[in-house]
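Here this note's numbering is used: the first residue of the sequence shown is 17, the next is one more, and so on.
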Amino acid sequence: MRRRGGDGDSGPRSDSGDIGRAEGRPGAARHGRAQHSWFPGLRMLLLAPLLTYISVPFLVRLFPSVLTKFVYLNFLAFPFFVDFRQPELLVSNTISLHLTTEPGVTVGVWHTVPGSRGAEAQGKDQRWYEEALADAHPVIIYLHGNGGTRAASHRVQFLKTMGAADFHILALDYRGYGDSSGHPTESGFTTDVLALYDWAKARSGNSSIVFWGHSLGTGIATNAVRKLQEERGVQADAVVLESPYTNIREAAANIPLTKIYRQFPGFEYLILDSLARAGMFFRSDENVKVLGCPLLILHAEDDGVVPPKLGRKLYETAREAYKDKSKVKFVTFPEKLGLGHDYISFHPELPALVKDFLNVK
Numbered sequence: 017m018r019r020r021g022g023d024g025d026s027g028p029r030s031d032s033g034d035i036g037r038a039e040g041r042p043g044a045a046r047h048g049r050a051q052h053s054w055f056p057g058l059r060m061l062l063l064a065p066l067l068t069y070i071s072v073p074f075l076v077r078l079f080p081s082v083l084t085k086f087v088y089l090n091f092l093a094f095p096f097f098v099d100f101r102q103p104e105l106l107v108s109n110t111i112s113l114h115l116t117t118e119p120g121v122t123v124g125v126w127h128t129v130p131g132s133r134g135a136e137a138q139g140k141d142q143r144w145y146e147e148a149l150a151d152a153h154p155v156i157i158y159l160h161g162n163g164g165t166r167a168a169s170h171r172v173q174f175l176k177t178m179g180a181a182d183f184h185i186l187a188l189d190y191r192g193y194g195d196s197s198g199h200p201t202e203s204g205f206t207t208d209v210l211a212l213y214d215w216a217k218a219r220s221g222n223s224s225i226v227f228w229g230h231s232l233g234t235g236i237a238t239n240a241v242r243k244l245q246e247e248r249g250v251q252a253d254a255v256v257l258e259s260p261y262t263n264i265r266e267a268a269a270n271i272p273l274t275k276i277y278r279q280f281p282g283f284e285y286l287i288l289d290s291l292a293r294a295g296m297f298f299r300s301d302e303n304v305k306v307l308g309c310p311l312l313i314l315h316a317e318d319d320g321v322v323p324p325k326l327g328r329k330l331y332e333t334a335r336e337a338y339k340d341k342s343k344v345k346f347v348t349f350p351e352k353l354g355l356g357h358d359y360i361s362f363h364p365e366l367p368a369l370v371k372d373f374l375n376v377k
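Okay, here's the thing in structure tokens:
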């Protein structure tokens, strides 16, 4: 009996221990599951940026047309809610017009007349503005950079600055930008610019016409001027390149956006080579080799988008190719001025500098 009692005594102790352990197991299991349940989410959170980083170059190679979105940025139509038909709300002595550059493509243009004719321009219609182009004041065809429209603040400032300096300015939005129709392409931009040149030339008499490109627009300017010279035998009166690059491939290799990929295996093959596959070249370094017109290159030392070294390299390429070296000039703006990539037009001495180069009073 004692043995059975002993056995019985040992039973409950054993059962009690088993019960305690049995009750502890589900709690421990739940705690373990709770600990491990967030691991997959954390893993995905950490892996997602890495997978995105790795996949982008391959997607670009497979679908090179996606690069046109990043290069042109025409879908960023800032400033928003602008009435292009009323440019006088942003800059005085200015009207809006539309020009058909080829069947199915119409581009929007603003025409700012010289400040000295501002009072006379009040209330005048397009015909008066067109006739004013022949008043002997030089005409600037202004070709803006990527993103935004001709209504962007730094572009409006350009109209104000150079208009006050007694230049006519024709500022257009290329196809696919602003209120212009069509889709952006490199060859299409050239067509738009030359159509505007022809329109202005037919109305400007003996007034000189200057092609002024900024950023992406510098490549558009040199494309147009080269085509004008090679296909028509017409030399432009002058070209001004503000914050330029040598070619789109070299620009892409140096802009901040691609910095994280420069050490990526296959960067040139996957990304840079895809620019050509998307039909984008903008070879200003090749274009300037065949030009003969006066060429002024402007670059701010603190340009954080297109490095000044590309502007200098373009200048050196042009100077080496030009027979008359005096026709090529490179002007840099000190970093302390804070002009960066977009604000050279805010410099008060810009008009005098340009007039001196163009030999205009």
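Note that the Cβ used here is the ideal one computed from N, Cα and C, for glycine as well.
Practice problem: Compute the distance between the beta-carbons of Asn263 and Asp208, then report whether it is under 7 Å. | Solution: Position 247 of the sequence shown, counted from the first residue, corresponds to residue 263. Position 192 of the sequence shown, counted from the first residue, corresponds to residue 208. Contact flag unset, no.
Quiz item: Quick one: Cα of Pro260 to Cα of His184, how far?
Solution: As a working note, residue 260 is residue 244 in the sequence shown. As a working note, residue 184 is residue 168 in the sequence shown. Going from the Cα of Pro260 to the Cα of His184 covers about 23 Å.
Self-check item: CA nearest to the CA of Ile236, picked from Tyr285, Arg293, Val304, Asn222
Solution: Taking the sequence shown and counting its residues from 1, one reaches residue 236 at position 220. Measuring from the Cα of Ile236, the nearest candidate turns out to be Val304.
Exercise. Within the same chain, show all residues whose beta-carbon is closer than 8 Å to that of Lys377, passing over the 5 residues directly before and after it, in chain order.
Key: Reading the sequence shown from its first residue, position 361 is the one you call residue 377. These residues qualify, in order along the chain: Lys371.
Exercise. Evaluate Glu202 with the Cβ neighbour count: other Cβ atoms within 10 Å of its Cβ, from every protein chain shown; 16 or more gives buried, anything less gives exposed.
Key: As a working mapping, residue 202 is identified with position 186 in the sequence shown. Label assigned to Glu202: buried.
Self-check item: Residue from Pro154, Leu159, Ala93, Ala148 whose Cα sits closest to the Cα of Val125
Solution: Taking the first residue of the sequence shown as 1, we reach residue 125 at position 109. With distances taken between Cα atoms, Val125 lies closest to Leu159.
Self-check item: Below-7 Å beta-carbon distance, His363 vs any chain B residue
Solution: As a matter of chain content, chain B is missing from the structure shown, which is built from one protein chain.
Practice problem: Identify whether Arg37 lies in helix, strand or coil by the three-state DSSP scheme. | Solution: Reading the sequence shown from its first residue, position 21 is the one you call residue 37. Bear in mind that a pLDDT of 42 at Arg37, under 50, signals an unreliable position, so the number given afterwards is only what the model happens to contain. Arg37: helix per DSSP, three-state reduction.
Practice problem: Excluding the 5 residues preceding and the 5 following His199 in the sequence, name in chain order all residues of the same chain whose CB lies nearer than 6 Å to its CB. | Solution: As a working mapping, residue 199 is identified with position 183 in the sequence shown. If we look at His199 and ignore the five residues flanking it on each side, its Cβ neighbours are Gly192.
Quiz prompt | For Pro154, the nearest candidate out of Phe174, Ser224, His230 (CA to CA) | solution = Residue 154 sits at position 138 when you count from the first residue of the sequence shown. Distance check between Pro154 and each of Phe174, Ser224, His230 places Ser224 closest, using alpha-carbon atoms only.
Practice problem: Have a look at Ala269, Lys339, Leu92 and flag the residue whose alpha-carbon is nearest the alpha-carbon of Thr165. | Solution: Within the sequence shown, the letter at position 149 stands for residue 165. Considering only alpha carbons, the answer is Leu92.
Self-check item: Limits of the unbroken beta strand (DSSP E) element including Thr348
Solution: One-based indexing of the sequence shown puts residue 348 at position 332. Run containing Thr348: 344-349, per the beta strand (DSSP E) assignment.
Quiz item: So, is Ile287 buried or exposed, given that buried needs 16 or more other C-beta atoms within 10 angstroms?
Solution: As a position in the sequence shown, residue 287 is number 271, starting the count at 1. So Ile287 counts as buried.
Quiz item: His230 and Gly308: beta carbons closer than 7 Å?
Solution: The residue you call residue 230 lines up with position 214 of the sequence shown. The residue you call residue 308 lines up with position 292 of the sequence shown. Not a contact, by the Cβ cut-off of 7 Å.
Practice problem: Within 10 angstroms of the Cβ of Thr234, are there 16 or more other Cβ atoms? Answer buried if so, exposed if not. | Solution: Counting from one through the sequence shown, the residue named residue 234 turns up at place 218. Result: buried.
Practice problem: Report the residue from Phe349, Ala187, Thr122 whose alpha carbon sits nearest the alpha carbon of Asp319. | Solution: For the purposes of this step, residue 319 is taken as the residue at position 303 of the sequence shown. Checking every option, the nearest Cα to that of Asp319 belongs to Phe349.
Quiz prompt | Entirely enclosed alpha helix (DSSP H) segments - the stretch 124-202, minimum 4 residues | solution = 134-137, 142-148, 169-180
Quiz item: Who are the Cβ neighbours of Ser220 in its own chain at under 7 Å, not counting the five residues just before and after it?
Solution: Your numbering for residue 220 matches position 204 in the sequence shown. Contacts found: Leu149, Ala150, Val155.
Exercise. If I'm right that Leu188 touches Leu212 with Cβ under 8 Å, what's the distance once you round it to whole angstroms?
Key: For the purposes of this step, residue 188 is identified with residue 172 of the sequence shown, where counting begins at 1. For the purposes of this step, residue 212 is identified with residue 196 of the sequence shown, where counting begins at 1. The Cβ separation is near 6 Å, so the contact holds.
Exercise. Take Phe283 as the anchor and find which of Leu63, Gln173, Val76, Pro56 has the nearest alpha-carbon.
Key: Sequence index remark: in the sequence shown, residue 283 carries index 267 (1-based). That would be Val76, whose Cα lies nearest to the Cα of Phe283.
Practice problem: Go ahead and pull the three-state DSSP assignment for Leu89. | Solution: For the purposes of this step, residue 89 is taken as the residue at position 73 of the sequence shown. Here Leu89 sits in coil by DSSP.
Quiz item: Is DSSP giving Ile70 helix, strand or coil here?
Solution: Start at 1 with the first residue of the sequence shown, and residue 70 comes out as number 54. Helix, per DSSP.
Quiz item: Under a three-way DSSP split, which group does Gly282 fall into?
Solution: Taking the sequence shown and counting its residues from 1, the one referred to as residue 282 is at position 266. Coil at Gly282, not helix or strand.
Self-check item: Reference Pro364; option with closest CA among Lys85, Ala181, Leu186
Solution: Along the sequence shown, one-based indexing puts residue 364 at 348. If we check each option's Cα against that of Pro364, Ala181 comes out closest.
Quiz item: Are the beta-carbon atoms of Ile276 and Ala316 separated by less than 7 Å?
Solution: As a working note, residue 276 is residue 260 in the sequence shown. As a working note, residue 316 is residue 300 in the sequence shown. No, the Cβ-Cβ distance between Ile276 and Ala316 is not below 7 Å.
Quiz prompt | Residues bridged to His230 [DSSP beta-bridge criterion] | solution = Along the sequence shown, read from residue 1 onward, the residue named residue 230 stands at position 214. BP columns for His230 point to Glu258.
Quiz item: With respect to the alpha helix (DSSP H) encompassing Leu374, which residues constitute its N-terminal and C-terminal limits?
Solution: In the sequence shown, residue 374 corresponds to position 358, counting from 1. Note, Leu374: alpha helix (DSSP H), 366-374.
Quiz item: Within 10 angstroms of its Cβ, does Phe79 collect 16 or more other Cβ (buried), or is it exposed?
Solution: Translated into positions along the sequence shown, residue 79 becomes position 63. The residue in question, Phe79, is exposed, as its Cβ has fewer than 16 Cβ neighbours within 10 Å.
Quiz item: Are Leu312 and Val226 close, meaning C-beta to C-beta below 7 Å?
Solution: Here residue 312 corresponds to residue number 296 of the sequence shown, with the count starting at 1. Here residue 226 corresponds to residue number 210 of the sequence shown, with the count starting at 1. Taking 7 Å as the Cβ cut-off, Leu312 and Val226 do not qualify as a contacting pair.
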